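Residue numbers (the numbering used here), protein chains in the order written: chain A, 221 to 572; chain B, 693 to 1191.
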């Protein structure tokens, strides 16, 4: 009987592939051990470094220590991580003291060098460091990173630029917020908070009004971070003239004043449940006693979320109390409405 | 006759070449992609993260069936997660033990009026309980549905947030796991699911549901499974996710866009492989609808789970896993050669179907035929030894590469002795264990082919799995009596692995 597996060529191939695999495995085992010992040595070194530097960094918060040890090239990453960690955790005055310490040790130059020559890891740490240092010399370098394909580098560079010069940075960033839809709203919001409402309100409001309908919802969501005095007029203008669901929902999400009550009440009857939901939630914030019948009716909506938000809004109305809510629940003709109001009553009791 | 023998030999040979080439392809991708991915995570891992109301809130859904022994530490560990806004929805799937009573007592639960909007198929909800101590904790008590999928569907219906994270009641999450899993959703709006890695907790020190010290167990069976898990998670999933064809998100740790899951009808109640079915169904749905989507794998989002410590339980687990895997593949067979998702349809699905699904059949046939041919003298000793060397060498190479990747990016096992033990396990795993699991998977394949149902009231879950797994490593004491007679389907509340 003929067997492929008895062919000399195939046996030879199997044998040598097996031998090569075993040899490669042996090499990899050696490599794994080498790596293991390197990591152990490195982490022990980092631990020793942290044990030495942590007290010094804390001491520097009360003024620069007289004598600071030199930082070796291989300890730079550990130092920068430790320094950045403290920066993220401390209050504003303490941050200044940490910056003085960093400048006294030429950390600004170290960060710029790592920005120019390092790998992504080095660059991320360097960008964050330069942001905290508010180092104007790094502006042009950091601005280039805004256009990087790597979102993390771009967003971190944006945050660093805001820390260096918020007004100048926002002028560059607002158009990018529209262009770069891969930038997450969460991270942008974190970033804009750093700039503060004084600086972001006007440019964001302008951009929201001028941007095309598909980009507006993103900017309107961010308007929640702007001064209400600037944001609300924009929302009023948009809610009155645009019917796109995303925009209307975003506007209702941040609406805080009673001047648009009639519009909100009208939107409670919108055919799109997402709009009804936001309108109900909005009434929970700005509604008055007069909205009670409307909201009671909405607790019987076909959509669970609209029922839920309407019941919550009802419970939040100025004159509402537990007894009245129980009464509404008991007398409501709709089973679903009764259930949802009872749920909200229990939630309130639990919260209390 | 001769031609048939030749054809069969060529099939076996080509299968062997194909599967190994596939694994090497995935391994090479992982070797490049994994260090690169982790390099970018540096600031997320090393620096404190701001908690903002813009971060997406998530609903953790814990399916619990007869989990009185573990449910409290499990919920307590979830209450300690490092995340700004999340809720915990524990679904008591008609437990016959005191799971609900213990939860009520431990977390001061009060009953709420039921107002759940039912959008998915599941058995009726009997009651909803709210903790008066932890506002983010709710317990849904429902009639037993016979499978985890039923409980998860009820949890999804009861959840409040747009991202859901289904979990097993005995899974321990790393504190930063939700923070890491949510990243792809923040960075890419196309993301519909993100999966994390599963590690083995046997042998580790646990306290209040939190890992205190990572240790290796003494049981060789568990050590072999550690190597298997490393292979599955560190190169297979990384590899598939890089080419956007991740075929599975572990049932033990995954984050999903709720509306996408609801759009496909939630978890399938007809299969025990609800997690793999869900992912394949999502692939199929979004591909057919031509909607852009992404399913991400986040290797450093880690949860810990317990694995069987006896051959008997392990055998049952593997049989159920393989049958479930084939069920899920078959349900979603339209993905094979799908014209609108070519990489998935032409690369991943055929690989999964042929090499992972039907593979055990060829593998077992290969083992048996080789031994018989050798004994009957049809195969020379030279050929026998060469092929044994080849199979062992390639298997070892893959395992050692996974170990190297683990050391390179995670360095979980810090003790050098542990590394020796794992390398020894990687060597000895090739001499018996792999062949054994191939036989078990073949059994699962046969069960699927002949549609043999493992009756949940007939096949009992090995009590040792429960008792052993809840042994407190610190004190060496068993935490509480274990439920016996738990069915193998509820055992499928455990993690599924496939390369």
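Ideal Cβ placement from N, Cα and C applies to all residues, glycine included. Model, not experiment: these values are computed from the prediction.
Chain A has no Cβ within less than 8 Å of the Cβ of residue 963 (chain B). According to DSSP, residue pairing for residue 975 (chain B) in a beta bridge does not occur. Close partners of residue 1103 (chain B) in chain A (Cβ separation under 9 Å): 255, 256, 259, 260 and 263.
If you draw a straight line from the Cα of residue 908 (chain B) to the Cα of residue 896 (chain B), it is about 7 Å long. The bridge partners DSSP lists for residue 822 (chain B) are B:802 and B:830. Taking 8 Å as the Cβ-Cβ cut-off, the region 339-352 of chain A approaches chain B at 339, 340, 341, 344, 345 and 348, given in chain order.
The alpha carbon of residue 252 (chain A) has as its nearest neighbour, out of B:1138, B:1102, B:1140 and B:801, the alpha carbon of B:1102. By the Cβ criterion, the region 802-811 of chain B is not in contact with the region 770-778 of chain B, since fewer than three pairs of Cβ atoms, one from each stretch, lie closer than 8 Å.
In the DSSP annotation of this structure, the continuous segment of the beta strand (DSSP E) that includes residue 996 (chain B) starts and ends at 986-997. Neighbours of residue 822 (chain B) in chain A, taken as residues at a C-beta separation under 8 Å, are given in chain order as 566, 567 and 570.
Per DSSP, reduced to three states, the secondary structure at residue 432 (chain A) is coil, with no helix or strand assignment.
Residue 1043 (chain B) and residue 781 (chain B) have their C-alpha atoms spaced approximately 37 Å apart.
In the DSSP secondary-structure assignment, residue 947 (chain B) is bridged to B:886. Here the alpha carbon of residue 494 (chain A) sits roughly 10 Å from the alpha carbon of residue 500 (chain A).
Residue 778 (chain B) carries a strand assignment under DSSP once its states are collapsed to helix, strand and coil. Residues of chain B whose Cβ lies closer than 8 Å to the Cβ of residue 404 (chain A) are, in chain order, 878 and 879. Sixteen is the threshold: when 16 or more other Cβ atoms of the shown chains lie within 10 Å of the Cβ of residue 821 (chain B), as they do, the residue is buried. Listed in chain order, the alpha helix (DSSP H) elements of length 4 or more contained wholly in the region 305-383 of chain A are 312-324, 327-337, 340-353 and 359-365.
Straight-line measurement puts the Cα of residue 1118 (chain B) at about 11 Å from the Cα of residue 922 (chain B).
Annotated three-state conformation of residue 541 (chain A) is coil, per DSSP.
In this structure, A:484 is the residue among A:479, A:477, A:478 and A:484 with its C-alpha nearest to the C-alpha of residue 469 (chain A). Per DSSP, residue 899 (chain B) is one residue of the beta strand (DSSP E) stretching across 897-899.
Against chain A, the beta carbon of residue 1088 (chain B) has neighbours under 8 Å at 241, 242 and 245, listed in chain order. By the CB criterion at 8 Å, residue 873 (chain B) and residue 773 (chain B) fall outside the cutoff. For residue 1100 (chain B), the nearest CB of chain A lies under 8 Å from its own CB, placing it at the interface with that chain. By the criterion of a C-beta distance shorter than 6 Å, residue 1139 (chain B) is surrounded in its chain by 1015, once the five residues flanking it on both sides are discounted.
Annotation: Cβ neighbours of residue 1096 (chain B) in chain A (cutoff 9 Å, chain order): 248, 249, 251, 252 and 255.
Below 8 Å, too few C-beta pairs join the region 745-761 of chain B and the region 1115-1134 of chain B to call them touching: fewer than three. No residue range can be given for residue 928 (chain B), since it is assigned to no alpha helix (DSSP H) and is classified by DSSP as neither H nor E. Residue state for residue 906 (chain B) is assigned as coil, using DSSP reduced to three classes. Across the region 295-319 of chain A, CB contacts with chain B closer than 7 Å involve 301, 304, 305, 308 and 309, in sequence order along the chain.
The C-alpha of residue 950 (chain B) is placed about 24 Å away from the C-alpha of residue 823 (chain B). Taking CB atoms only, residue 398 (chain A) has no neighbour in chain B less than 8 Å away. Distance from residue 925 (chain B) to residue 1052 (chain B) at the Cβ level is roughly 21 Å; contact not present, criterion being Cβ atoms closer than 8 Å.
Judged by DSSP in its simplified three-state form, residue 448 (chain A) adopts helix.
By the beta-carbon neighbour count (other beta carbons within 10 angstroms, threshold 16), residue 550 (chain A) is exposed.
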